[in-house]
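Asks:
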Amino acid sequence: MAEVKQAEQKFRKTESGKRLTQLMTEEYTALHRRAGEGAFVVWIAIIVPAEIFSGFKNVVFAVPESHAALSAAKGVGMLQCEKAEAAGYSMDICSYARIDLGTALSGGKDSPTFGLPRPHLLVSNNNNCSLLAKWFDVYHREWGVPHFLIDVPFCYEGQKDRDRAYITAQYRDLIKTVEQLSGQTFDLDRVREALRTTREATRHYKRFIDCAAARPSGITAFDSFVQMAPLLTSRGRPGIDRHFAMLADETEERMRSGLFPVPGERYRLFWDSIAPWHQLRKMSARLAGLDANIVAASYTSCVGSHEGSYELLQSYDGGDPLEALARAQNFSVCPYGLNLRVNAMTRAARHYGIDGFVFASNRSCKVYSIMQMDCLRTVSRDLGIPVVMIDVDHADVRTYSEEGAFTRIEALLERIDAARQRAG
Ligand code: SF4
10 MAEVKQAEQK
20 FRKTESGKRL
30 TQLMTEEYTA
40 LHRRAGEGAF
50 VVWIAIIVPA
60 EIFSGFKNVV
70 FAVPESHAAL
80 SAAKGVGMLQ
90 CEKAEAAGYS
100 MDICSYARID
110 LGTALSGGKD
120 SPTFGLPRPH
130 LLVSNNNNCS
140 LLAKWFDVYH
150 REWGVPHFLI
160 DVPFCYEGQK
170 DRDRAYITAQ
180 YRDLIKTVEQ
190 LSGQTFDLDR
200 VREALRTTRE
210 ATRHYKRFID
220 CAAARPSGIT
230 AFDSFVQMAP
240 LLTSRGRPGI
250 DRHFAMLADE
260 TEERMRSGLF
270 PVPGERYRLF
280 WDSIAPWHQL
290 RKMSARLAGL
300 DANIVAASYT
310 SCVGSHEGSY
320 ELLQSYDGGD
330 PLEALARAQN
340 FSVCPYGLNL
350 RVNAMTRAAR
360 HYGIDGFVFA
370 SNRSCKVYSI
380 MQMDCLRTVS
390 RDLGIPVVMI
400 DVDHADVRTY
410 SEEGAFTRIE
420 ALLERIDAAR
430 QRAG
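Numbering (the working numbering) for the sequence shown: 10 to 433.
1. Assign K27 to buried or exposed, taking buried as 16 or more other Cβ atoms, counted over all protein chains shown, within 10 Å of its Cβ.
2. Is it a yes or a no for the stretch 351-359 touching the stretch 262-269, going by three-plus beta-carbon pairs under 8 Å?
3. May I ask you to check if the CB of Y148 is nearer than 6 Å to at least one heavy atom of the ligand SF4?
4. With a threshold of 6 Å, establish whether the CB of L241 neighbours any heavy atom of the ligand SF4.
5. Please state whether the Cβ-Cβ distance between S282 and Y377 is less than 7 Å.
6. Report yes or no: do three or more beta-carbon pairs, one from the stretch 160-169 and one from the stretch 365-373, lie closer than 8 Å?
7. Taking R244 as the reference, give the member of V50, A428, S63 and Y37 with the closest Cα.
8. Whose C-beta lies closer than 8 Å to the C-beta of D146 among residues of the same chain, with five residues either side of it excluded?
9. With DSSP run on the structure shown, which of helix, strand or coil describes I394?
10. Rounded to whole angstroms, how far is the Cβ of L125 from the Cβ of A82, which I believe are closer than 8 Å?
11. In or out: L421 buried (at least 16 other Cβ within 10 Å) or exposed?
12. Look at the alpha carbon of E12 and the alpha carbon of G273, and state the distance between them as a whole number of angstroms.
13. Check whether the Cβ of D140 lies closer than 6 Å to any heavy atom of the ligand SF4, and answer yes or no.
14. When the Cα of D219 is compared with those of T242, L321 and F65, which residue comes out closest?
15. What residue does the alpha helix (DSSP H) around R429 start on, and which one ends it?
16. Where does the unbroken alpha helix (DSSP H) through I249 begin, and where does it stop?
17. Would you be able to state if there are at least three C-beta pairs under 8 Å between the stretch 284-304 and the stretch 225-241?
18. Use the C-beta contact count for G86: other C-beta atoms within 10 angstroms, 16 or more gives buried, fewer gives exposed.
19. To the nearest angstrom, how far is the alpha carbon of M2 from that of A369?
20. Please state the DSSP three-state secondary structure of L141.
21. If contacts are defined as beta-carbon pairs under 8 Å, then P395 and R424 qualify, I think. What distance do you get, rounded to the angstrom?
22. Report, in whole angstroms, the separation of the C-beta atoms of L6 and A96, which I expect to be a contact under 8 Å.
23. Report yes or no: do three or more beta-carbon pairs, one from the stretch 38-54 and one from the stretch 247-263, lie closer than 8 Å?
24. Could you tell me the distance, in whole angstroms, from the CA atom of K92 to the CA atom of L114?
25. Between L40 and L241, what straight-line distance do the alpha-carbon atoms span, to the nearest angstrom?
26. Note down, in chain order, each residue of its chain lying with its Cβ closer than 6 Å to the Cβ of A306, except the 5 sequence neighbours on either side.
27. Which residue wins for smallest C-alpha separation from A174, given the options P330, L349 and Y409?
28. Given 6 Å as the limit, tell me if Y361 has its C-beta closer than that to any heavy atom belonging to the ligand COA.
29. I think S444 touches I55, with their Cβ atoms under 8 Å apart; what is that distance to the nearest whole Å?
30. With distances taken from CA atoms, which of G192, M382, R290 and G167 is nearest F65?
31. Would E17 be called buried (16 or more neighbouring beta carbons within 10 Å of its own) or exposed?
32. Could you tell me if N439 is buried or exposed, where buried requires 16 or more neighbouring beta carbons within 10 angstroms of its beta carbon?
33. Among G111, P128 and E166, which residue has its Cα nearest to the Cα of S318?
34. Measure how close the beta-carbons of L347 and C384 come, nearest whole angstrom, since I'm counting them as under 8 Å.
35. Is V72 a contact residue of the ligand SF4, with contact defined as CB to any heavy atom under 6 Å?
36. On the CB-based measure, 16 or more other CB atoms within 10 Å of its CB, does L197 come out buried or exposed?
Next up, the structure:
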């Protein structure tokens, strides 16, 4: 009876899942509506602090990377990539960029959100990856839209005071740019409020992903990938903190009721790379069939953290919000040197009690993949935990072989078993 209940629950959409769908639908609907009513539209890279735009009454922002991930998850990634390739963009370019270019070139056709409204300003940064700046430059050239690039120093260690001051000064330039282009005035208090909302949302998101520390885990990393979306598209918006509070509450309640995504969990794995958006359901179901769960990922465990850690940033104390945003500018692992990456991964792996690492090599995201072989060797040597590397593009299904990947993952599980037997 308990098994039947478990199986029923597994395929039933949770309340937070339903709420997420509604939230994202409302988000994209409002974006198009407000753009149609004359709002100033900014396209941003995911690491650009979106809270800054809350300082203006009638500025909306869209996140092409997030839209590309959604497109891949909805099964139209390959279609949009092919449109970009037909226009001459190489298959070696990031699949997010190809999806976005394919969507824009076809006027939003086939997009799950009817594309994105045309921007008045593009804002990117160079700490996540340099490709992003080139990608936004295409629109700058083709559409004549201004492109503001935030220059963020790469981090081989924790952020220095002078780096923070340098980044904050650029935020002030960005604010002036938006004021000049949009004719609107900026209000710092609105940013303060947006930042408080984001920090609350992040605190609850961390509480949610921390459900992975339990045995069996209360979530899969795939849940954390999907639920991350509002942290990218809706940062600072009133209400997202409530969504994440309810998400964490509901997940904890499910665990108290004995509901776990992989009830017979024998292998707790850690994922290193971007989410495989086109495989979320398939991969998690096949892993569950092997009693394996990818419980955590470097991609999501770093959210809301300082360089080289996974712990939550201290809460916002009401000081200069621009400085606080600059301090959090390096939360994603992409701008980390090797030591910081390994450090963040090691701390997260210890916290979640990881049995094995899956390094997802992804040729279209060079910045994520380029250090993986060194990371793999280092964590394998220092932690003595079995590791495997598989090939999977984050958004283009054509380069992925399910059988090839699972042959390796199953070999990893056998190595975990062998290590357990040796340890007695
Ligand atoms: S970090 Fe990777 S996935 Fe993101 S835009 Fe750059 S190349 Fe693409």
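All C-beta atoms in this analysis are idealised placements derived from N, C-alpha and C, irrespective of residue type, glycine included.
Replies: Put simply:
1. The residue in question, K27, is exposed, as its Cβ has fewer than 16 Cβ neighbours within 10 Å.
2. Output reads no: the stretch 262-269 does not touch the stretch 351-359.
3. No, since every heavy atom of the ligand SF4 falls outside the 6 Å radius drawn around the Cβ of Y148.
4. Result no, Cβ not under 6 Å from the ligand SF4.
5. The answer is yes: Cβ separation under 7 Å.
6. Touching, no.
7. Of the residues V50, A428, S63 and Y37, the one whose Cα lies closest to the Cα of R244 is S63.
8. The answer, listed in chain order, is H156.
9. DSSP places I394 in coil when its eight states are reduced to three.
10. 16 Å between Cβ atoms; not a contact.
11. Classification for L421: buried.
12. For E12, the pLDDT reaches just 46, beneath the cut-off of 50, and the residue's location in the model is therefore unreliable, although a value from the coordinates is still provided. Near 11 Å, if we compare the C-alpha coordinates of G273 and E12.
13. Checking the sequence, you will find Leu at residue 140 rather than Asp. Yes, the Cβ of L140 comes within 6 Å of a heavy atom of the ligand SF4.
14. That would be L321, whose Cα lies nearest to the Cα of D219.
15. For R429, the uninterrupted alpha helix (DSSP H) segment begins and ends at E411 to A432.
16. Segment I249 to R265, the alpha helix (DSSP H) holding I249.
17. With the cut-off at 8 Å, the stretch 225-241 and the stretch 284-304 touch.
18. Buried: at least 16 other Cβ atoms inside 10 Å.
19. Any question about residue 2 goes unanswered here, given that the chain covers just 10 to 433.
20. In the three-state reduction of the DSSP assignment, L141 falls in the helix class, which pools H, G and I.
21. Indeed, because the Cβ distance is near 4 Å, the residues count as touching under 8 Å.
22. Because residue 6 is not part of the residues shown, which for the chain are 10 to 433, the question remains open.
23. The stretch 38-54 vs the stretch 247-263: no contact.
24. Cα-Cα distance, rounded: 8 Å.
25. Each residue's Cα considered, the two are about 14 Å apart.
26. Within the same chain, Cβ atoms closer than 6 Å to the Cβ of A306 are found at A230 and W280, the five residues on either side in sequence being excluded.
27. With respect to the C-alpha of A174, the residue from P330, L349 and Y409 having the closest C-alpha is P330.
28. Ligands displayed in this structure: the ligand SF4; the ligand COA is not among them.
29. Since the displayed the chain opens at 10 and closes at 433, residue 444 lies outside it and no answer follows.
30. Looking at the Cα atoms, G192 is the closest of the given residues.
31. With a pLDDT of 46 at E17, under the threshold of 50, the modelled position of that residue is not reliable, and no figure is offered here.
32. Residue 439 lies beyond the residue range present for the chain, which begins at 10 and ends at 433; the question has no answer from this structure.
33. Here the closest residue by C-alpha is E166.
34. The beta-carbon separation of L347 and C384, rounded to 7 Å, stays under the 8 Å limit for a contact.
35. No, the beta carbon of V72 sits no closer than 6 Å to any heavy atom of the ligand SF4.
36. Under this definition L197 is an exposed residue.
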